[in-house]
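Just so you know, this note's numbering puts 196 at position 201 of the sequence shown, and the rest follows in order with no gaps.
The structure under discussion appears below in the form of structure tokens.
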Amino acid sequence: MNKQNLKIAVQKSGRLSEDSIDLLKTCGISFNNGSGKLKSVAQDFPLEIFFLRDDDIPEYVADGVADIGMVGENVLAEAEKDVEMCERLGFGKCRLALAVPKSFEYQSIKNLSGKRVATSYPKVLGRFLEKNDVTAEIHTISGSVEIAPSIGLADAVCDLVSSGSTLFTNNLREVEVVMTSEAVLIQRKNLAADLHTILEKLVFRIRAVKAARQNKYILLNAPNEKLEEIINILPGIKSPTVMPLAETGWSSVHSVINENDFWEIVESLKNKGAEGILVLSIDQMIS
Ligand code: PRT
Ligand code: ZN
-4 MNKQNLKIAV
6 QKSGRLSEDS
16 IDLLKTCGIS
26 FNNGSGKLKS
36 VAQDFPLEIF
46 FLRDDDIPEY
56 VADGVADIGM
66 VGENVLAEAE
76 KDVEMCERLG
86 FGKCRLALAV
96 PKSFEYQSIK
106 NLSGKRVATS
116 YPKVLGRFLE
126 KNDVTAEIHT
136 ISGSVEIAPS
146 IGLADAVCDL
156 VSSGSTLFTN
166 NLREVEVVMT
176 SEAVLIQRKN
186 LAADLHTILE
196 KLVFRIRAVK
206 AARQNKYILL
216 NAPNEKLEEI
226 INILPGIKSP
236 TVMPLAETGW
246 SSVHSVINEN
256 DFWEIVESLK
266 NKGAEGILVL
276 SIDQMIS
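Right, here's the structure in full:
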């Protein structure tokens, strides 16, 4: 009997494509994603990959054309489709923000009352304005939102921001965050039991990759008289592994540290007399 594959929709080409494909591959799933491909079947995992425009992904998942999908929360919020979010993916981070020309005297969101705001996210913006009790004219445009004020099409914009340089070069100033966003894994409702089992396996692997990306494996040599102080600096999953070195009076210490504290920890380790510090990336981390 032919076993069913789980069908996943990912962005065909754009800001989320590379990270989506890279995440699946780091999960140990191999497939051909050669340019122009619309669909691909994984060789070693029961998964079929559909390459689509990001805006279409929530609808395809809601309709059951795909079982799951990787998409930005911003697209999901705008699409208003009946799907479930099952995992945050940790990439594609950005925020949907309101911005005004630098000359606009902005004190509060009330200043947008009666103004024209250009956006590609009319529904999300509409809900935000309503929540803040502001009535403004929403102008829906599909691209290059940031130029709308300079060509006289709008008084303000509501667009995605990551570094802020697009706003800056267009003489705009960010004034409100409407929502923050990252790529998420979504699933359709009422997934059949066998497909759900495959999804659970995939989510298990994704979590292991995410945990690994947030951590580093560290190895170092420590003089024994400093061992206790050095161990105290290292958090580790449980406690660090300590092994004697061939050279008497020295030990080798292995541990896992969070990427965020990384430089601070390495600096204090050096100050305490640690030597030969090696830092390695982790592929998967299963707790
Ligand atoms: O063709 P398709 O419809 O699939 O792609 P698209 O053109 O609609 O989307 P794409 O590839 O541009 O973005 C896909 C997703 O990436 C978005 O839905 C967000 O979830 C996420 N993302 C993360 C971003 C950004 N960061 C981002 N900076 N999407 C767009 N931008 C744009 C923004 O619109 C603005 O023009 O980048 C500019 C701002 O960037 P900074 O760095 O100058 O602030
Ligand atoms: Zn799109």
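Quick reminder that beta carbons are idealized off the backbone N, C-alpha and C, glycines included.
Can you check the region 86 to 113 for any beta strand (DSSP E) of at least 3 residues that lies completely inside it and give the ranges in chain order?
89 to 96
Would a C-beta distance cut-off of 8 Å place V274 and I201 closer than the cut-off?
no
Quick one: is G64 buried, meaning 16 or more other Cβ sit within 10 Å of its Cβ, or exposed?
In this structure G64 is buried. Its beta-carbon is surrounded by 16 or more other beta-carbon atoms within 10 angstroms.
For the ligand PRT, any of its heavy atoms closer than 7 Å to the Cβ of R122?
no
What residues come near the ligand ZN, if near means a beta carbon less than 6 Å from any of its heavy atoms?
R48, D49, D50
Close Cβ partners of K226 (< 8 Å) along its chain, the five nearest in sequence each way excluded:
The identity of residue 226 in the sequence shown is Ile, whereas the question assumes Lys. Closer than 8 Å at the Cβ level, and outside the excluded window around I226, lie S234, P235, V237, V248.
Three CB pairs or more closer than 8 Å across the region 87 to 95 and the region 166 to 173:
yes
DSSP three-state call for V60: helix, strand or coil?
coil
Does the ligand PRT have a heavy atom nearer than 7 Å to the CB of Q6?
yes
So is the beta-carbon of N28 under 7 Å away from any non-hydrogen atom of the ligand PRT?
no
State the DSSP-derived secondary structure class of D154, mapped to helix, strand or coil.
strand
Quick check: does the Cβ of N69 come within less than 7 Å of any heavy atom belonging to the ligand PRT?
yes
Below 7 Å, is the gap between the Cβ of E141 and the nearest heavy atom of the ligand PRT?
yes
Look up G67 in the DSSP assignment and give the residues it is bridged to.
G67 is bridged to A178.
Could you pull the DSSP bridge partners for P235 from this structure?
Answer is none; P235 lacks a bridge partner.
Where do the ends of the alpha helix (DSSP H) carrying F257 lie?
Where F257 is concerned, the enclosing alpha helix (DSSP H) stretches over 257 to 266.
First and last residue of the uninterrupted alpha helix (DSSP H) at V204:
Here the alpha helix (DSSP H) through V204 covers 188 to 208.
Of the residues G23, Y55, L33, which one's Cα is nearest the Cα of F40?
G23
Taking Cβ positions, are L107 and A151 nearer each other than 8 Å?
yes
Just curious, the beta strand (DSSP E) that V274 is in, first and last residue?
270 to 276
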